[in-house]
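To start, the structure itself, in structure tokens.
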Amino acid sequence: MVEATLNELAASAGARIEQAGSSEELEQVRIEVLGRKGVLAQISKEMGKVLPQDRARLGKLLNEVKQRLEQASDAKQGRFAEAAMRARLEAEWIDLTLPCPQPPVRHLHPITQIQDEIEDLFVSLGFAVLDGPEVETEYHNFDALNIPATHPARDAQDTFWLDDGNLLRTHTSPVQVRGMERLGPPLRMVAPGRVFRNESVDASHEHTFYQIEGMVVDREVSVAHLIYFMKTMLTEIFRQEVTVRLRPGYFPFVEPGFELDVRCLLCGGDGCPVCKQSGWVEQLGCGLVHPNVLRSSGIDPDIWNGWAFGLGLTRLAMMRYGIDDIRLLQGGDLRFLEQL
Ligand code: PHE
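Adding 126 to a residue's 1-based position in the sequence shown gives its number in the numbering used here.
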């Protein structure tokens, strides 16, 4: 009776093992037949009931069947593992000899590029490149620059005032003051940076933009020196001969003061939104440093004088690349910036 059951089990379980289609199915069969509560364990429990003279023989048979099924199961499980490994190798291989994807080539923001070029130019002319704070004192932004409390530039409409009485600098000119304070005369400096005005934004106005300031303090500095440096700078910047025009301009910190215009490179002077149909683009303000400005910073205007300019880097980038809307530059749209 037990013998027949064992032989039958050996055959049927053997067949099920052989036919198992997956590792999981095979494991199911193993648990059913060979597991702790499986059929074989059940039979082995009942061995106590067989006649004593049959016990050794049947016990041996039981062990043989068990061993054979275990071996068959292990072997089959091994084949499943092997097949799984082969499938993974097939699916997951990589060719280490292939060239790896190159990171895309990026570039600096067009304003940064122009800033770097102008810095390089002035460094080659013996100028120091200075940095100043974007949050400025009223003194450095206005008072020390001979801008009286009644000047329109102080109007709350133009300036972002902070609760503590400081402000977001409205131009890079306060770095003139910091340069004079820190370095004294003779002085050759440029100071690029971000400036802020409480403007309503349109195609040619931003509340946040970039300027570069330049200043020389020395003996017997003249307007001729100033014009020479401005021409040198603009030729370098535009990499071509540019037409400029000087108009009298009022800035409290220079006397005489000028507005320097460049013939619009976008429309060639015919008129377009960037030049507001005038054919000229106001490029920079400049002039000879006002004696009051020197005096405020402890420099004797009877010995020293100088020139200064302030140039809009943002507008420059627009002219160089033919951009007709200032908002594009700081808009953060890479599809735009990647073209430059
Ligand atoms: N700070 C002036 C402006 O922002 C520009 C300027 C600088 C003019 C230096 C003259 C001299 O408009």
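We treat Cβ as the ideally placed atom computed from N, Cα and C, and that holds for glycine.
As the crow flies, the alpha-carbon of Leu166 is around 18 Å from that of Glu151. DSSP places Gly457 in the coil class of the three-state scheme, outside both helix and strand. Ala146 and Ile169 have their C-alpha atoms some 23 Å from each other. In the DSSP assignment, Ile338 falls within the unbroken beta strand (DSSP E) covering Thr334 to Asp344. Fewer than three Cβ pairs drawn from the region 306-318 and the region 218-230 lie within less than 8 Å of each other, which leaves the two stretches out of contact. For Arg308, the uninterrupted alpha helix (DSSP H) segment begins and ends at Pro300 to Leu309. Only residues of its own chain outside the window of five on either side were considered, and among them Val191 have a CB closer than 6 Å to the CB of Ala136, listed in chain order. In the three-state DSSP reduction, Asn431 falls in the strand class (E or B). Cβ atoms of Arg441 and Trp406 stay farther apart than 8 Å, at about 12 Å. Residue ranges of uninterrupted beta strand (DSSP E) with 3 or more members, entirely inside the region 374-427 and ordered along the chain, are 380-389 and 406-415. Not one heavy atom of the ligand PHE falls within 7 Å of the beta-carbon of Ser423. Around the beta carbon of Thr296, 16 or more other beta carbons lie within 10 angstroms, which makes this residue buried. C-alpha of Ala182 to C-alpha of Gln197: approximately 22 Å in a straight line.
Short note on Gly411: C-beta closer than 7 Å to some heavy atom of the ligand PHE. Following the DSSP letters along the chain, one finds Gly140 inside the alpha helix (DSSP H) bounded by residues Val128 to Gln145. Contact between the region 299-308 and the region 249-269 is present: 3 or more CB-CB pairs across the two stretches fall below 8 Å. When beta bridges are read from the DSSP output, Val316 appears opposite Val255 and Gly340.
In the displayed model, Asp246 falls within a helix according to three-state DSSP.
Within the same chain, Cβ atoms closer than 7 Å to the Cβ of Gln456 are found at Glu332 and Thr334, the five residues on either side in sequence being excluded. Taken from the Cβ of His297, at least one heavy atom of the ligand PHE lies inside 7 Å.
When C-alpha distances from Ala443 are compared across Gly340, Ala434 and Leu466, the shortest belongs to Leu466. Not one heavy atom of the ligand PHE sits closer than 7 Å to the Cβ of Gly258. Where Asp180 is concerned, the enclosing alpha helix (DSSP H) starts and stops at Pro178 to Glu218. Between the alpha carbons of Glu362 and Thr369 lies a distance of about 13 Å. Annotated three-state conformation of Gly174 is helix, per DSSP.
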